[in-house]
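Per full-length UniProt numbering, the sequence shown starts with residue 1, numbered consecutively. Each residue gets a CB set at the ideal place from its N, CA and C atoms; glycine is no exception.
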Amino acid sequence: MGLQRREFLTLAGAGAVSTVVLSACGKLGGGTKVKGPTIGMLQMVEAPPPTNTRKGFEAALAEAGYIPGKNVNFIQKDAAGELPNTTLVMKQFVGDQVDMILAVGTPPLQAAMKVAPATTPVLFCYCSNPWGAGAGTPPGAVGQHKPNVVGTIGTNPVGKELDLARQINPELKTVGLIFNPGEPNSEYEAKVLKEEASKRNITVVEQSVANSGEVLQAAQVLADKKVEAFVKIGDYATIQGFGSIAKVGLEKKIPVYSVDADDIKLPGCLATIGWAYFDDGYAAGKLAVRVLKGESPAKMAFEPLTKTELMVNKATAAAIGVTLPEELIKEAQKVVS
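If you want it as structure tokens, here you go:
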């Protein structure tokens, strides 16, 4: 697997890390390895947003004729939500001599930039901060990024999230934000959110967490501080612990907004606005196809996402005593009753 014995033994004693080591050895998406390129695919957690993004990537490759088990090999893994695992898995990919790496998220991309040789193409998606991951400098045009890396930029539309909250409550002055500052994606999006909030004269009340197990208590603390809404950014701790935020919002009758479409299903989530994750992965897959057919990533630009999806939950609105504007309901791509 390309790991030194000491490193392997150290990591094997680290709980979640050992699970990744043992489960990651040689798993192919199509079963037995076939003749064709091998793509190592890593996401931070197994959750709907990154998983749907990866499925979009796979769909774009299938549309171009790259079928697992027939003419392409997928090695698909997740890091179990642990940052050290991203580096470990990337080292495994290098040891397996994969022909391409797909980094689904900022932490996997950061690990790829540290570990992957310059000769291995790295594609990324579901990524809010490729700059912080070391992939290049904004906006990622030709010549502004490492020559072996290209992908889609998915910094969440947190300004639109605040506008959505203000549309429902024109008097909105404070929002509560829970995030893990140890994640490069979260730290970046928290900064963007605060900048956007300042433009709108909205105060962001922060509560930091180290993992998803701390999210419930953080939400309760913010509720006690009388925040007028909860907002979510691209953060793995709150992806896993979002149910706790929705629960507190429902109990305390505080509107909860998210950038992840799948959250709209949870009682307590009032509305979401964010990227279509399948489309994100699909766009990255189209870039990958170009690379697989011989085009150099060095001659390609990073592609920012532009299309957002709006969803609202009428049942949550009724439960917390909020009236959704009719124009907002008509604009929504999905309405949960």
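Alpha carbon to alpha carbon, how far is isoleucine 273 from alanine 315? Give it in angstroms, no decimals.
As a first step, residue 315 must be located in the sequence shown, where it is residue number 315. As a first step, residue 273 must be located in the sequence shown, where it is residue number 273. So the two alpha carbons sit approximately 17 Å from each other.
So, are the CB atoms of leucine 287 and leucine 123 less than 9 Å apart?
Within the sequence shown, residue 287 is the residue found at index 287, counting from 1. Within the sequence shown, residue 123 is the residue found at index 123, counting from 1. Going by C-beta atoms, leucine 287 is nearer than 9 Å to leucine 123.
Proximity to leucine 83 [Cα-Cα], best of Val104, Thr51, Gly182, Pro138:
In the sequence shown, the residue the question calls residue 83 occupies position 83. Ranking Val104, Thr51, Gly182, Pro138 by Cα distance to leucine 83 puts Gly182 first.
Beta strand (DSSP E) segment containing methionine 41, residue limits
Counting from 1 along the sequence shown, the entry for residue 41 is found at position 41. Start and end: 38-43.
Return the CA-CA distance between lysine 194 and lysine 70, expressed in angstroms with no decimal places.
Looking up residue 194 in the sequence shown gives position 194. Looking up residue 70 in the sequence shown gives position 70. For lysine 194 and lysine 70, the distance between alpha carbons rounds to 48 Å.
Per DSSP, glutamate 206 is paired with what?
On the sequence shown, position 206 is the one that residue 206 refers to. Paired residues: Leu177.
Using DSSP's beta-bridge definition, name the partner residues of valine 150.
Here residue 150 corresponds to residue number 150 of the sequence shown, with the count starting at 1. Looking at the DSSP assignment, valine 150 forms a beta bridge with Leu123.
Going by DSSP in three states, isoleucine 273 sits in which element: helix, strand or coil?
Stepping through the sequence shown from its first residue, residue 273 is reached at position 273. In this structure, isoleucine 273 counts as strand in the three-state DSSP scheme.
Within 8 Å, do at least three Cβ pairs link the stretch 55-71 to the stretch 80-94?
no
Quick check on the DSSP output: what are the complete alpha helix (DSSP H) runs of length 4 or more inside the stretch 285-330, in order along the chain?
314-320
Hey, quick one: how far does the beta strand (DSSP E) through valine 256 stretch, first residue to last?
Residue numbering aside, residue 256 sits at position 256 when the sequence shown is read from its first letter. It spans 256-258 - the beta strand (DSSP E) in which valine 256 sits, taken as one unbroken run.
If we call anything under 9 Å between Cβ atoms a contact, is alanine 271 one with leucine 102?
The residue labelled residue 271 in the question sits at position 271 within the sequence shown. The residue labelled residue 102 in the question sits at position 102 within the sequence shown. In this structure, leucine 102 does not lie closer than 9 Å to alanine 271 by Cβ.
Classify isoleucine 329 as buried or exposed, calling it buried when 16 or more other Cβ atoms lie within 10 Å of its own Cβ.
Counted from its first residue, the sequence shown places residue 329 at position 329. Exposed, because fewer than 16 other Cβ atoms sit within 10 Å of the Cβ of isoleucine 329.
Glutamate 331 burial status per 10 Å Cβ neighbour count (16 or more: buried):
The residue labelled residue 331 in the question sits at position 331 within the sequence shown. Under this definition glutamate 331 is an exposed residue.
Among Pro37, Lys334, Thr323, whose alpha-carbon lies nearest the alpha-carbon of alanine 261?
Counting from 1 along the sequence shown, the entry for residue 261 is found at position 261. Of the listed residues, the one whose Cα sits closest to alanine 261 is Lys334.
Please name the residue, chosen from Gly234, Val312, Lys299, that lies closest to proline 107 on a Cα-to-Cα basis.
On the sequence shown, position 107 is the one that residue 107 refers to. Out of Gly234, Val312, Lys299, Gly234 has the C-alpha closest to the C-alpha of proline 107.
Cut-off 6 Å between Cβ atoms - residues of its own chain near threonine 323, not counting five sequence neighbours on either side:
As a first step, residue 323 is located in the sequence shown; it is residue number 323 there, counting from the start. Counting only Cβ-Cβ distances below 6 Å, and skipping sequence neighbours, we find nothing.
With distances taken between CB atoms, is the gap from glutamate 228 to isoleucine 245 smaller than 9 Å?
Position 228 of the sequence shown holds residue 228. Position 245 of the sequence shown holds residue 245. Result no, Cβ atoms of glutamate 228 and isoleucine 245 do not sit closer than 9 Å.
Could you give the first and the last residue of the continuous alpha helix (DSSP H) run that contains glutamine 97?
Taking the sequence shown and counting its residues from 1, the one referred to as residue 97 is at position 97. No alpha helix (DSSP H) holds glutamine 97; DSSP gives it neither H nor E.
Please state whether DSSP places alanine 103 in a helix, a strand or coil.
Mapped onto the sequence shown, residue 103 falls at position 103. It is a strand residue.
Of all the options Asp99, Asp263, Pro130, which has the alpha carbon lying nearest to the alpha carbon of glycine 36?
Here residue 36 is taken as the residue at index 36 of the sequence shown, counted from 1. Measuring from the Cα of glycine 36, the nearest candidate turns out to be Asp99.
Alpha carbon to alpha carbon, what distance is there between proline 297 and valine 175?
Your numbering for residue 175 matches position 175 in the sequence shown. Your numbering for residue 297 matches position 297 in the sequence shown. About 40 Å.
Output yes or no for whether 9 Å exceeds the beta carbon distance between phenylalanine 242 and aspartate 263.
If you number the sequence shown from 1, residue 242 lands on position 242. If you number the sequence shown from 1, residue 263 lands on position 263. For phenylalanine 242 and aspartate 263, yes; Cβs fall inside 9 Å.
Quick check on this structure: which residue in Pro49, Gly249, Ala141 has the alpha carbon closest to the alpha carbon of tyrosine 225?
In the sequence shown, counting from the first residue as 1, residue 225 sits at position 225. It should be pointed out that residue 225 corresponds to lysine in this sequence rather than to tyrosine. Out of Pro49, Gly249, Ala141, Gly249 has the C-alpha closest to the C-alpha of lysine 225.
Of the choices Asn211, Gly213, Gly40, Val205, whose alpha-carbon is the least far from that of leucine 222?
Working through the sequence shown from its first residue, we reach residue 222 at position 222. The shortest C-alpha separation from leucine 222 is found at Val205.
Expressed to the nearest angstrom, what Euclidean distance is found between the alpha-carbon atoms of proline 325 and valine 72?
Position 325 of the sequence shown holds residue 325. Position 72 of the sequence shown holds residue 72. So the alpha carbons of these two residues sit roughly 49 Å apart.
Count the other CB atoms, across all protein chains shown, that sit within 10 Å of the CB of alanine 318; report buried if there are 16 or more and exposed otherwise.
To locate residue 318, count along the sequence shown from 1; it is residue 318. Exposed: under 16 other Cβ atoms inside 10 Å.
So, is serine 198 buried or exposed, given that buried needs 16 or more other C-beta atoms within 10 angstroms?
Walking along the sequence shown from the start, residue 198 turns up at place 198. Serine 198 comes out exposed.
Quick one: what's got a C-beta closer than 6 Å to asparagine 211's C-beta in the same chain, skipping five residues either side?
Looking up residue 211 in the sequence shown gives position 211. Contacts found: Ala237.
Let me make sure I understand the geometry here. Which of Lys77, Glu63, Ile39 has the alpha-carbon closest to that of alanine 47?
Looking up residue 47 in the sequence shown gives position 47. The residue with the shortest Cα to Cα distance from alanine 47 is Lys77.
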